[in-house]
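**Student:** In my numbering, the protein residues as written are 51 to 452.
Structure incoming, see below.
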Amino acid sequence: MRILLVHRNFPGQFRHLAPALKRAGHHVAALTWEKNPNPQPFPHVKYAYDMGPTRDLGASYVEHARNGAAAARAAKALRDRTGEVPDVVFGIINWGETLFLREVWPEARHLGYAEFLYAARGLDTGFDPEFRREDFASRVRVTSRKAHLVQAALDADALMAPTEWQASTFPPEIRAKMRVIHDGVDTERLTPDPAATFQVPGGPLLRAGDEVITFVNRNLEPYRGFHTFMRALPRVLAARPEAQVVLVGGETGGYGPRPAEGSWKDVMLRELEGRLDLSRLHFTGRIPYPDLVGLLRVGRVHAYLSYPFVLSWSMLEAMSLGACVIGSATPPVQEVIEDGVNGRLVDFFDIDGWAEALIAALADPEGHAPLREAARAHIVERYDLRKVCLPRLIDFVETAGA
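In structure tokens form, the structure reads like this:
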């Protein structure tokens, strides 16, 4: 088949699926944003668009519809120039690129990757009382962000979501045509290594077995519990004088609002000034993926917190690497981690609980070893890339909505 994969930041969630489809004998191409910085190993077309002003309540739909129109114009130009007609168009629905592609290729099957549907109550919005906004205008703005997602989901012939909980954010009439298939974890590559090391940029060389806490996210922000984690550290560092903490993540952007000035890192360091041993606190920014794997292999305990929102790849990868993961007791995390079986769960806001759990994991690595082993076994059983997820993903592309 001729398969077009649509993703603003291709390959994104298609990083494993695209080469697997090619190996299966399909012709694979991509439609992506002109500012996408990622290398493009597949034939591709890029589109350009201008977001324009985004302040009014309809701004979210306007922005994503412009994005979709730009993608459709690029697709139409491709068809006019080459006559190219894919059998399958499979796109992430997050940014609107798929909204109008059926107008270009009505003959194709149109599939959507449905990651998350916003809601004014009950999910990420309003979850954190420290940043909660109860005004009517805020709720309307959040609700307006559903418009392009629902339109794209209803228009798709079939949908997939990476986790059961993320699928559950969509209404039943959409959920009915959705399969739950995770992107997959490369458990053959992501294995524990008792000889692993990680060189902290400008800091110490860390080895597996050292007292190392890891915290990894795309951005250091409240959506991923950065504020809770930081507030637990003074007690942890005081109790464990040999502990080193490595935090990976950017300081700009993110899923939630930015602070009034500076970054969330700046905000938390000001709040905790004089209470942290900064010589044992290492902010790396974003690091290359091989370095991230090395870091997670070194860590004695990995902290992962999240609002009720999209689950991060990094948590599953840490489990595959045999990490002792302490996660927030929030729905996306609870789908994967069972407290006391393959990790630990702590209330997202319980700062003392986080400190106690981190201290216990640092102090007793042998006692926590069964959690590490069970974590990896769970990922191998449920999320293995080659044996579990890729076969289901390829079947979805080849058959869903037919």
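Built from N, CA and C at the ideal position, the CB exists for glycine as well.
Predicted model only: the values in this text are computed from it and were never measured.
In whole angstroms, what separates the C-alpha of residue 520 from that of residue 90?
**Tutor:** Lying before the first or after the last residue shown, residue 520 is absent from the chain, which here runs from 51 to 452.
**Student:** Would you list the one or two residues that DSSP bridges to residue 269?
**Tutor:** Looking up residue 269 in the sequence shown gives position 219. Answer is 300.
**Student:** Could you tell me how far apart the beta carbons of residue 141 and residue 132 are, in whole angstroms, since I believe they sit closer than 8 Å?
**Tutor:** The sequence position of residue 141 within the sequence shown is 91, counting from 1. The sequence position of residue 132 within the sequence shown is 82, counting from 1. Wrong, their Cβ atoms sit about 19 Å apart, outside the cutoff.
**Student:** So which of 332, 221, 119 has the shortest CA-CA distance to residue 252?
**Tutor:** Within the sequence shown, the letter at position 202 stands for residue 252. Cα-wise, what sits closest to residue 252 is 332.
**Student:** Does the contact criterion of 3 or more C-beta pairs under 8 Å hold for the stretch 208-223 versus the stretch 149-167?
**Tutor:** Result yes; three or more Cβ-Cβ pairs closer than 8 Å.
**Student:** Evaluate contact between the stretch 223-239 and the stretch 312-326, counting only Cβ atoms and requiring at least three cross-stretch pairs below 8 Å.
**Tutor:** As far as the Cβ criterion goes, the stretch 223-239 does not touch the stretch 312-326, which means the pair count is below three.
**Student:** With 16 other CB atoms within 10 Å as the buried threshold, where does residue 144 fall?
**Tutor:** Here residue 144 refers to the residue found at position 94 of the sequence shown. Under this definition residue 144 is a buried residue.
**Student:** For residue 374, which of 259, 146, 393 has the nearest alpha-carbon?
**Tutor:** What you label residue 374 is simply residue 324 of the sequence shown in a count that begins at 1. With distances taken between Cα atoms, residue 374 lies closest to 393.
**Student:** Please name the residue in 65, 60, 123, 74 whose C-alpha comes closest to that of residue 52.
**Tutor:** Here residue 52 refers to the residue found at position 2 when the sequence shown is read from its first residue. Of the listed residues, the one whose Cα sits closest to residue 52 is 74.
**Student:** Does DSSP classify residue 142 as helix, strand or coil?
**Tutor:** Translated into the one-based positions of the sequence shown, residue 142 becomes position 92. Three-state DSSP puts residue 142 in a strand.
**Student:** Please name the residue, chosen from 59, 174, 159, 438, that lies closest to residue 117 on a Cα-to-Cα basis.
**Tutor:** As a working note, residue 117 is residue 67 in the sequence shown. Among 59, 174, 159, 438, the Cα nearest to that of residue 117 belongs to 59.
**Student:** Does the stretch 339-348 come close enough to the stretch 391-406 to have 3 or more Cβ pairs within less than 8 Å?
**Tutor:** Too few Cβ pairs lie closer than 8 Å, so no.
**Student:** From the DSSP output, in three-state form, read off residue 378 for me.
**Tutor:** Translated into the one-based positions of the sequence shown, residue 378 becomes position 328. Three-state result, residue 378: strand.
**Student:** Only counting the same chain, and skipping five residues up and downstream in sequence, which positions put a Cβ closer than 7 Å to that of residue 292?
**Tutor:** For the purposes of this step, residue 292 is taken as residue 242 along the sequence shown, with counting starting at 1. Contacts found: 261.
**Student:** Can you name, in chain order, every residue of its own chain whose Cβ lies under 7 Å from the Cβ of residue 235, other than the five neighbours on each side?
**Tutor:** The residue given as residue 235 occupies position 185 in the sequence shown. Same-chain partners within the cutoff: 366, 367, 370, 429, 433, 434, 435.
**Student:** Identify whether residue 104 lies in helix, strand or coil by the three-state DSSP scheme.
**Tutor:** Position 54 of the sequence shown, counting from 1, holds the residue named residue 104. Summary for residue 104: the model assigns pLDDT 47, below 50, so the residue's position carries little reliability, and this model does not support an answer.
**Student:** Which partner residues does residue 231 have in the DSSP bridge list?
**Tutor:** For the purposes of this step, residue 231 is identified with residue 181 of the sequence shown, where counting begins at 1. Per DSSP, none; premise fails for residue 231.
**Student:** Helix, strand or coil for residue 176, going by three-state DSSP, please let me know.
**Tutor:** Taking the sequence shown and counting its residues from 1, the one referred to as residue 176 is at position 126. Coil at residue 176, not helix or strand.
**Student:** From residue 288 to residue 259, what does the alpha carbon distance come to, in whole angstroms?
**Tutor:** In the sequence shown, counting from the first residue as 1, residue 288 sits at position 238. In the sequence shown, counting from the first residue as 1, residue 259 sits at position 209. So the two alpha carbons sit approximately 20 Å from each other.
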